[in-house]
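Before any comments, here is the structure.
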Amino acid sequence: MVENYDIQLEMRKFVAPEFIFGIDSRFKAASYCKKLGARKIFLATDSQISKTFWFLDILASLQTIGVEYTLFSAISPNPRDFEVMAGSEIYKQEKCNLILAVGGGSVIDCAKGIGIVVTNFQHIRNFEGIDMLSSPIPPMVCVPSTAGASSDVSQFAIINNFENKYKMVLISKALVPDVSILDPIVLTTKDLYLTACSGMDVLSHAFEAYTSNAASEFNDLHALEAIRLIDNNLVLNLKNPNNLQLRAKMMLASLYAGLAFSNASLGCVHSMSHSLGGFLDLSHGECNAILLPHVVDFNFSAATDKYIKIAETLNLNPSGLNNNQIKQKLIDYLYNLKEAVNINTNLKIKGVSSDLIPTLASNAINDPCNATNPRPPKKKDLETIFTQAM
Ligand SMILES: [Fe+2]
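For the sequence shown, this note's numbering assigns the number 6 to the initial residue and increments by one for each residue that follows.
What follows is the structure in structure tokens.
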């Protein structure tokens with residue numbers, strides 16, 4: 006029987022790590038480290054995570070299997086290049102041979118940076134860009150705690166170049182961790198605003214991967230399902246933060262969106278958000294929530310069919326409407342969702358003033374995420390979007 010639709014024949018690859026999904030999977034972290042040959046573990050986390058009950062469970066399971074570890078928790082949100090260099094010194098001094106990263110995107114990105122430095126023997130700033138590593142990072146196991154960044158399954162690491170106030174984007178297949186352990190229990194200690202911001206980050210990943218000019222059927226499948234899961238569960242999750250089914254669905258949405266963007270890359274929401282995060286140290290998910298409707302407005306004409314499919318997935322009933330009406334419905338949906346999850350802010354409130362916009366746009370235009378945006382932006386376009394988002 007012949008199928009009634011054509012598949013994409015252009016070459017595309019899809020990279021994904023092993024992952025274990027489910028309640029109490031955090032107890033598997035130690036045995037996975039052991040299977041990967043851990044002699045001494047470099048355990049990266051942050052000061053908040055290290056106080057949670059489930060982190061203590063992970064420590065106890067490490068003690069049970071008798072593998073030594075060194076704890077490193079000096080990691081900020083929007084992790085800085087000097088934190089990567091400090092961590093890599095400790096990794097070397099302690100003679101570690103495996104990384105266990107327990108935390109959100111900042112912890113996992115910083116841990117990836119440390120992995121790069123300890124096997125490539127140069128400053129982290131020398132690895133900015135695409136495929137810049139000559140040696141793989143050490144074995145790496147992740148326990149992600151935010152259902153947002155999805156660094157635990159992605160080829161990306163984002164590190165703040167602190168002196169020059171911008172975020173470096175590092176992309177390589179070698180940055181995909183060996184194992185990701187996705188335990189919804191860990192999300193129960195996450196506060197509501199972080200849940201909202203990381204949920205909007207996931208939605209931005211799915212929108213940008215789906216409309217990316219490097220998208221493929223493998224990505225689309227995951228991106229659309231992530232959009233459906235966020236639509237059905239994010240607001241409910243905020244109202245019922247202890248409901249494990251809802252937490253697990255957010256974790257699944259993050260996993261799917263992560264697989265999608267790791268392979269199809271991102272777009273202007275992220276190039277601009279990286280610029281804001283690097284220059285003003287703002288929350289990544291908050292910036293994305295602010296920027297996403299404006300970027301949809303900018304991109305719609307270049308990926309109309311894709312945005313119509315997103316509108317269908319969101320049950321916005323686009324049939325019978327013209328393209329402008331569909332675009333407006335999508336933008337309204339995004340504003341309403343942002344309000345429903347209590348992200349009541351804009352770039353002006355976050356400290357962006359008109360005189361900063363040329364600098365923010367200059368930093369954003371150099372970000373590799375623009376390369377896959379469906380409408381190639383010019384610096385002037387990014388200035389306009391920043392201004393609209395104030
Ligand atoms: Fe993101």
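C-beta atoms are modelled at their ideal positions from N, C-alpha and C, and glycine is treated no differently.
For clarity, every value in this text was computed on a predicted model and none was experimentally measured.
Compare the beta carbon distance of Leu239 and Val346 with 8 Å and say whether it is the shorter of the two. If you check the CB distance, Leu239 and Val346 come in under 8 Å.
Rounded to the nearest angstrom, how far is the Cβ of Ala294 from that of Ser217, given a contact under 8 Å? That pair is no contact at about 19 Å.
Please classify Thr75: does DSSP put it in a helix, a strand, or coil? Three-state result, Thr75: strand.
Tell me which residues share the same chain as Leu180 and place their Cβ nearer than 6 Å to its Cβ, disregarding the 5 neighbours each side in the sequence. Counting only residues of its own chain and dropping the five nearest sequence neighbours on each side, Leu180 has a CB closer than 6 Å to the CB of Lys117, Gln160 and Ala162.
For Pro141 and Ile119, I'd like the C-alpha separation in whole angstroms. Cα to Cα, the separation comes out at about 12 Å.
Since I believe Ile70 is in contact with Ala35 (beta carbons under 8 Å), could you give me their beta-carbon distance rounded to a whole number of angstroms? At roughly 5 Å, the Cβ-Cβ gap stays under 8 Å, so Ala35 and Ile70 are in contact.
Could you tell me which residues DSSP puts in a beta bridge with Met173? Met173 pairs with Ile164.
Exposure label - Ser155; buried when at least 16 CB within 10 Å: So Ser155 ends up on the buried side.
Taking 7 Å as the cut-off, is the beta-carbon of Asn368 closer than that to any non-hydrogen atom of ligand 1? Flag unset: Cβ of Asn368 not near ligand 1.
Measure from the alpha carbon of Lys178 to the alpha carbon of each residue in Leu138, Cys147, Asn165 and Thr193, then state which is nearest. Checked all of Leu138, Cys147, Asn165 and Thr193; the closest Cα to Lys178 is Leu138.
Between Ala154 and ligand 1, is the CB less than 7 Å from at least one heavy atom? Indeed, a heavy atom of ligand 1 lies less than 7 Å from the Cβ.
Under the rule that 16 or more other beta-carbon atoms within 10 Å means buried, what is Tyr340, buried or exposed? Burial call: exposed.
Assuming Pro144 and Leu41 are in contact, meaning their beta carbons sit under 8 Å apart, how far apart are those beta carbons, in whole angstroms? Taking the Cβ atoms as the reference, Pro144 lies roughly 4 Å from Leu41, within the contact range of under 8 Å.
Val20 burial status per 10 Å Cβ neighbour count (16 or more: buried): Of the other Cβ atoms in all chains shown, fewer than 16 fall within 10 Å of the Cβ of Val20; this residue is therefore exposed.
Leaving out the 5 sequence neighbours to the left and right, which residues in its chain are closer than 6 Å to Phe223 when beta-carbon positions are compared? Leaving aside the five residues that flank Phe223 on each side, the residues in its chain whose CB is nearer than 6 Å to its CB run, in chain order, Phe19.
What residue ranges within the region 190–228 form continuous alpha helix (DSSP H) runs of no fewer than 4 residues, ordered along the chain? Taken in chain order, the unbroken stretches of alpha helix (DSSP H) that lie wholly in the region 190–228 and span 4 residues or more are 197–216.
C-alpha gap between Leu61 and Cys292, whole angstroms: Taking the straight line from one Cα to the other gives about 32 Å.
Here's the rule I'm using: 16 or more other beta-carbon atoms within 10 Å means buried, otherwise exposed. How should Arg31 be labelled? So Arg31 counts as buried.
On the three-state DSSP scale, how would you describe Phe391? Three-state DSSP puts Phe391 in a helix.
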